[in-house]
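Using numbering that gives the first Met the number 0, you'd call the opening residue of the sequence shown number 0 and step up by one each time.
Think of the CB as a built atom: it goes at the ideal place given N, C-alpha and C, for glycine as much as any other residue.
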Amino acid sequence: MSNDVNQSYWSASVELPKFTELKENITSQIVIAGGGISGLMNAYQLAVKGYEVTLIEGNELVSGTTANTTARITAQQGLIYSQLKSQKDANTAQLYYESQMSAIKEIERIVNQYNIDCDFKRVDSVIYAEHEKSLKDLKKEEKVYKELSIDGHLTTNEHDLPFETAGELIMKNQAEFHPLKFFQGIIEVLEDLNVTIYEHTRAKSADGTTLTTVNNHSIDFEYLIIATHFPFLDIENFYFNSFKISYGYGLVAETSTPIPEHLSLSGHDDAGLSIRNVVKPDSSLPVLLFAGLGHGSYEQKDMAMQLSKLEHYAGQKTANKDTLYAYRAQDLMTADSLPFIGHFNKQKQNYFVAAGFNKYGMTNGVLSSMIISDLIEGKDNMYKDLLDPSRKKGTFQQLKQHLTNPIHVAESEIKNMAESHPDLNDLHLEKGEGTVARDGMSKKGVYRDEDNYYVVSNRCTHMGCSLGWNNDDKNWDCPCHGSRFNYTGKVIEGPATDNLDSDIRPSK
0 MSNDVNQSYW SASVELPKFT ELKENITSQI VIAGGGISGL MNAYQLAVKG YEVTLIEGNE
60 LVSGTTANTT ARITAQQGLI YSQLKSQKDA NTAQLYYESQ MSAIKEIERI VNQYNIDCDF
120 KRVDSVIYAE HEKSLKDLKK EEKVYKELSI DGHLTTNEHD LPFETAGELI MKNQAEFHPL
180 KFFQGIIEVL EDLNVTIYEH TRAKSADGTT LTTVNNHSID FEYLIIATHF PFLDIENFYF
240 NSFKISYGYG LVAETSTPIP EHLSLSGHDD AGLSIRNVVK PDSSLPVLLF AGLGHGSYEQ
300 KDMAMQLSKL EHYAGQKTAN KDTLYAYRAQ DLMTADSLPF IGHFNKQKQN YFVAAGFNKY
360 GMTNGVLSSM IISDLIEGKD NMYKDLLDPS RKKGTFQQLK QHLTNPIHVA ESEIKNMAES
420 HPDLNDLHLE KGEGTVARDG MSKKGVYRDE DNYYVVSNRC THMGCSLGWN NDDKNWDCPC
480 HGSRFNYTGK VIEGPATDNL DSDIRPSK
């Protein structure tokens with residue numbers, strides 16, 4: 000695979016401005032923790048209404064899940080409407096569809112108002128089935144489309160696809176864009192609106208009306224918006240057990256058999272392969288983005304092997320040339336497939352959260368800004384109760400998740416404990432290698448660069464789960480709740496806020 004592993008085309012093709020680290024105590028009317036789509040869009044909606052806004056990001060803006068996205072802006076999110084009707088009711092399904100369409104409309108409005116050059120265009124979304132068995136699921140979903148007056152229908156071979164299907168469920172008038180170009184424009188707007196932005200400033204805790212960073216600087220606020228992908232305040236509200244962490248994979252390749260320009264595809268069968276066109280002006284051939292092969296973080300699958308499988312599946316659909324970019328994305332999945340948007344809990348009415356977008360962050364990230372800005376202004380919002388983090392979730396799916404999450408954590412720990420590891424004192428690694436090693440009765444994570452061994456604690460600082468080595472990213476990953484640390488032990492993705500204990504030893 001001749002790719003740039005762990006870099007999306009979006010990130011490679013756009014250079015965003017850099018911002019300094021917070022190095023003093025400050026005060027701001029609103030503080031937003033998190034510089035992905037939710038954080039940036041909430042900053043926009045509130046700043047444009049005249050609020051004083053400060054945004055902090057633990058790494059760099061738009062460097063996490065928002066950068067590693069298919070950027071399909073769609074209300075067609077798997078077979079969610081038949082699911083919502085079955086698990087809840089038709090009104091819930093209708094309201095969620097309307098919420099997603101309103102978010103698409105808002106994105107288009109912003110693109111047009113600020114003349115943001117981001118390759119935005121309207122497309123039709125398509126879920127395709129490859130087998131008769133999965134076609135039955137599409138027929139069930141189409142029936143709900145008709146009940147809810149959703150503009151879409153089931154068809155076979157209506158479009159000139161480069162591969163055979165058993166059927167295609169179309170939802171009309173969706174969209175796609177280049178996300179980093181869009182946020183490049185949004186950041187310019189935020190600067191014009193005098194939003195204060197700090198990078199490399201990670202939130203550690205919040206109490207009352209004061210947020211504290213990992214470097215012990217404070218921000219006094221009236222309102223706090225937690226938009227950190229996985230909420231950094233997760234223990235008190237049991238958020239750590241409210242989400243499943245899902246990993247998915249993406250690659251970008253040139254092809255001689257593109258899909259139609261007006262379509263964006265998503266597979267319903269085993270690989271769940273999504274396919275969309277990418278505007279890449281310097282390519283002589285059409286370019287496609289493929290994404291799929293999602294799995295739970297606790298499964299700890301090898302990234303290189305997953306990308307190789309994805310490349311294989313993509314090659315079965317279209318005649319592709321060399322892979323140009325490949326990456327892994329992390330998503331938070333909720334039990335009822337609805338995001339958490341609104342008040343953090345019933346006690347802290349000036350704290351807000353946006354999380355658990357179930358792989359559809361483009362619409363739900365924008366929707367979060369529309370809902371939360373209304374709540375802060377004291378206005379009603381028609382989607383508030385639907386997505387309220389404190390909503391009643393007493394479904395079988397919620398109960399199942401609360402039971403299976405701890406089971407998966409336990410299974411992961413048992414697996415890690417059963418594995419044999421070399422003794423740290425006898426360890427020899429080649430340059431660029433990492434592994435887990437025994438150090439007396441404990442385990443350490445070890446990585447070697449040119450001159451040194453980097454030895455870190457093998458326990459996540461969030462809740463103590465054993466960490467696994469990700470050789471492609473050169474990171475330590477937590478299979479329980481998705482925290483990630485670089486090989487020196489520094490947090491690069493929460494919910495963990497504390498770095499790993501670390502030591503540097505010269506290589507032998």
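- By the Cβ rule, the segment 457–468 counts as touching the segment 478–486, because three or more pairs are nearer than 8 Å.
- One Cα belongs to Y350, the other to R504, and the distance between them is close to 43 Å.
- Runs of beta strand (DSSP E) with 3 or more residues, each lying fully within the segment 4–86, are found at 25–32 and 52–55, listed in chain order.
- Rounded to whole angstroms, the Cβ separation of F339 and G355 is 5 Å, and the two are in contact under 8 Å.
- Taking C-alpha positions only, R390 is separated from D384 by approximately 7 Å.
- With a 10 Å radius around the Cβ and a threshold of 16 neighbouring Cβ atoms, P280 comes out exposed.
- Listed in chain order, the alpha helix (DSSP H) elements of length 4 or more contained wholly in the segment 302–373 are 302–316.
- When only Cα atoms are considered, R108 and A102 end up about 10 Å apart.
- Non-local beta-carbon contacts of K320 in its own chain, meaning distances under 8 Å to residues more than five positions away in sequence, involve A252, E253, T254, S255 and L284 in chain order.
- Y96 sits close to I149, with the two beta carbons spaced by under 8 Å.
- Straight through space, the alpha carbons of S217 and G249 are spaced by roughly 38 Å.
- DSSP, read as helix, strand or coil, puts A205 in strand.
- In the three-state reduction of the DSSP assignment, L284 falls in the coil class, being assigned neither a helical nor a strand state.
- For the pair R201 and H152, the Cα-to-Cα distance works out to about 46 Å.
- Between the segment 203–218 and the segment 36–52, the count of Cβ pairs shorter than 8 Å is below three; the stretches do not touch.
- Distances from the alpha-carbon of V490 to those of W475, Q82 and N24 put W475 closest.
- S10 is positioned such that its CB atom lies closer than 8 Å to that of A66.
- A straight line joining the alpha-carbon of K22 with that of F176 spans about 36 Å.
- Remark: fewer than three beta-carbon pairs, one from each stretch, lie closer than 8 Å, so the segment 257–268 and the segment 53–61 are not flagged as touching.
- Taking every protein chain shown into account, the CB of K135 has fewer than 16 other CB atoms within 10 angstroms, so this residue is exposed.
- Beta bridge pairing from DSSP links V435 with G444.
- For Q99, the three-state secondary structure derived from DSSP is helix.
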